[in-house]
Every structure is written in structure tokens, then in C-alpha cells.
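Enquirer: In the numbering used here, the protein residues as written are 38 to 293.
Glycine residues also receive a C-beta, built at the ideal position from the N, C-alpha and C atoms.
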Amino acid sequence: MSDNGCGFPAPGLHSFLFQPIATAGGFEFNKVMLLALITTLLVVSFFWAAFGKAKVVPGKLQMIGEAGYDFVRRGIVYETLGKKEGEKYVPLMVSLFFFIWIMNIWSVIPLAQFPVASIIAFPAVLAAVVYVVWLGLTFKKHGFVGGFKNLTGYDKSLGPVLPLVVVIEFFSNVLVRPFTHAVRLFANMFAGHLLLVMFTVASWYLLNSYMIPAAGVSFVMTVVMILFELFVQAVQAYVFVLLACSYVQGALAEHH
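As C-alpha cells, this is what we get:
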């Protein structure tokens, strides 16, 4: 019986906790790590199979791979960075997009039924990768002094408010930016999974009570949420990569 006395097993933080599948030397390997590992293998295997022996006249798998690759390259990277500057960053952005997308899709796959990105550690690591690339490019392009100006919006024409602007921009860019980059992805996947669990559990709970019509409504909402989550999962992968490209663009931009 649940704490609210109605017997409904309400979802909560326990829905994001998993018992370890295996333990070695204090290191625990659980379901979420397994899904992340499978995601990596799927993405690498797919593109290896699609482009490992690329042909002038592509087969079906190569055509799908090219369509996905071109979507990220032309629709995100080129649009943000331009073709000349952006080409070298396409492999990174394609990898990020498909890795995040597949991590999210596990939420609606039977037996898996869990979005890996709803565990903050995974978005945090991906955001950290983008953060390191962004800072590295900033200082490589502009040097230490120029990089500092780029990060802080340093502009002598601001006059007396310059110190305040420098502090705010430094705090916003260097400290807040990687945090929001990770949390945006995490929060959307966390909330989406919680809603899916709630409507799914509610359907079963109501079906086993006298409120069968309500169970039907809850089931319809579950289907609606699944369709909506499929959309959100792709959008979140797109937004993460779009922001990553915008950070790189900012690092390469000339400071005035």
C-alpha cells in the first residue's frame, strides 16, 4: 500500500534507480550503463556498416546513413558554422546527435523503457565534451587575452559598466552555460519518462479496479505521450547539437 492510502504505486525517484547487473571491485554496472553501451555499439556499427564499404551507387543502408549524416551536416552544422568552417566539426556533431537520439529512444522500446539521458551523468559528460572543445577553440583562435575577451564580452566602449558586464558574461558563459546545456537535455528526458511511467502504471491500476473507463482514458494518454516523446527525443538531440554548434561558432567569431 502506498503512502497516500489508495494503493496507487506513484512513480518517483525510485523509477530512476536500478540494481546493479554486475559488480567488480566496487564498480557497479547497471541497466542504464548497459543501454548506453548498446547505444554506442549501435551507432558505431550502423555507420561502419553504412560507410565501411561506400559505393558510388549507394545501397539502402548507405542511403539511410547518408540521409542522417547530411541532415546534421547541412541542417545544423552548415547552417550555423558555414560549410568551410563547419566541415571539420561534422563528425563530432553527427556522433553527438545520433548518440543522444538513440539514448532517448530507449524510453519507448519494450523491455528497455528508460531514456539514458534522464540520468544527469550522461548529459553532463556530453556537455563537458562540448565545453572542452569550445574553450580549447576559443583560446586557440584568440590567444589567452583575446580568449578572455571573447568569453567575457570585454569592450572598452562600455565604460563604467564594463566590470559588471565582464563578471556577468564570465559567470554566464564559463559557469552557467555547460550546466544549462546538460540540464536542458536531462530535465526533458526526466520529466517525459516520469509522465510515461505515471500514465502506464495508472492504466494498469485502473484496469484492475471498478474504474475501467478511466483506464481507457489513461491508456489513450499513454499512447499520446509515447508519440509526443518520440518528437521530443529527436528535438532534444537537435537542440543539444545546435547549441554545441553555436558555441563553436562563438569561439571562432572575431572579437570586436
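1. Let's test the definition: count the other Cβ atoms within 10 Å of the Cβ of Met235 and tell me whether it reaches 16, buried, or not, exposed.
2. Across the stretch 237 to 254 and the stretch 176 to 194, are there enough close Cβ pairs to call them in contact, namely three or more that are closer than 8 Å?
3. Tell me whether the beta-carbon of Thr259 lies closer than 8 Å to the beta-carbon of Ser240.
4. List the endpoints of the continuous beta strand (DSSP E) containing Phe64.
5. To which residues of the same chain is Val203 closer than 8 Å at the C-beta, ignoring the five residues directly before and after it?
6. Ala228: which of Asn141, Ala59, Pro95, Trp85 sits nearest, CA to CA?
7. Near Ile139, which residues of its chain fall below 7 Å by C-beta distance, leaving aside the five closest residues on each side in sequence?
8. Reducing DSSP to helix, strand and coil, say where Ala61 ends up.
9. Mapping the DSSP letters down to three states, classify Gln150 as helix, strand or coil.
10. Between Val127 and Arg110, how many whole angstroms is the CB-CB distance? I'm expecting something under 8 Å.
11. List in chain order: all unbroken alpha helix (DSSP H) runs of 4+ residues lying wholly within the stretch 171 to 224.
12. Could you spell out the range, first to last residue, of the alpha helix (DSSP H) harbouring Gly96?
13. At what residues does the alpha helix (DSSP H) containing Gly119 begin and finish?
14. Quick check on Lys90: does DSSP put it in helix, strand or coil?
15. Under the rule that 16 or more other beta-carbon atoms within 10 Å means buried, what is Phe223, buried or exposed?
16. Quick one: is Met100 buried, meaning 16 or more other Cβ sit within 10 Å of its Cβ, or exposed?
17. For Ala288, which of Phe265, Val167, Arg221, Pro200 has the nearest alpha-carbon?
18. Thinking C-alpha only, which one of Ala271, Ile156, Pro160 is nearest Leu231?
19. In whole angstroms, give me the CA-to-CA distance for Phe55 and Leu72.
20. On the premise that Gln273 lies in contact with Ile137, defined as a C-beta separation below 8 Å, what is that separation, rounded to the nearest angstrom?
21. For Asp40, collect the residues of the same chain with a Cβ closer than 7 Å to its Cβ; drop the 5 residues on either side in sequence, then sort them by chain order.
22. Report the rounded CA-to-CA distance for Gly96 versus His179, giving the unit in angstroms.
23. Kindly list the residues whose CB is nearer than 6 Å to the CB of Gly173, restricted to its own chain and excluding five residues on each side of it in sequence; keep chain order.
Expert: So, from the data block:
1. Flag for Met235 reads buried.
2. Counting Cβ pairs under 8 Å, fewer than three are found: no touch.
3. The answer is yes: Cβ separation under 8 Å.
4. Here the beta strand (DSSP E) through Phe64 covers 64 to 66.
5. Cβ within range, chain order: Thr189, Gly190, Tyr191.
6. Of the listed residues, the one whose Cα sits closest to Ala228 is Asn141.
7. Within the same chain, and ignoring the five residues on either side of Ile139 in sequence, the residues whose Cβ sits closer than 7 Å to its Cβ are Thr76, Leu79, Val80.
8. In the structure shown, Ala61 sits in a strand (DSSP, three-state: E or B).
9. Coil, per DSSP.
10. Between Val127 and Arg110 the beta-carbon gap is near 5 Å, inside 8 Å, which marks them as a contact.
11. Complete alpha helix (DSSP H) runs here, min 4: 199 to 207.
12. Note, Gly96: premise wrong, no alpha helix (DSSP H); not H, not E.
13. Counting along the chain, Gly119 falls outside any alpha helix (DSSP H), and DSSP gives it neither H nor E.
14. Reduced to three states, the DSSP call for Lys90 is coil.
15. Answer is buried; the Cβ neighbour count reaches 16.
16. Classification of Met100: exposed, given that the 10 Å Cβ count is below 16.
17. For the residues Phe265, Val167, Arg221, Pro200, the minimum Cα distance to Ala288 belongs to Val167.
18. Ranking the options by Cα distance to Leu231, first place goes to Ile156.
19. Taking the CA atoms as reference points, Phe55 sits about 12 Å from Leu72.
20. 7 Å between Cβ atoms; contact.
21. Low local confidence applies: a pLDDT of 48 at Asp40 is under 50, so the model's placement there is unreliable, and no value is given.
22. One C-alpha to the other measures close to 44 Å.
23. The answer is none, since no qualifying residue turns up.
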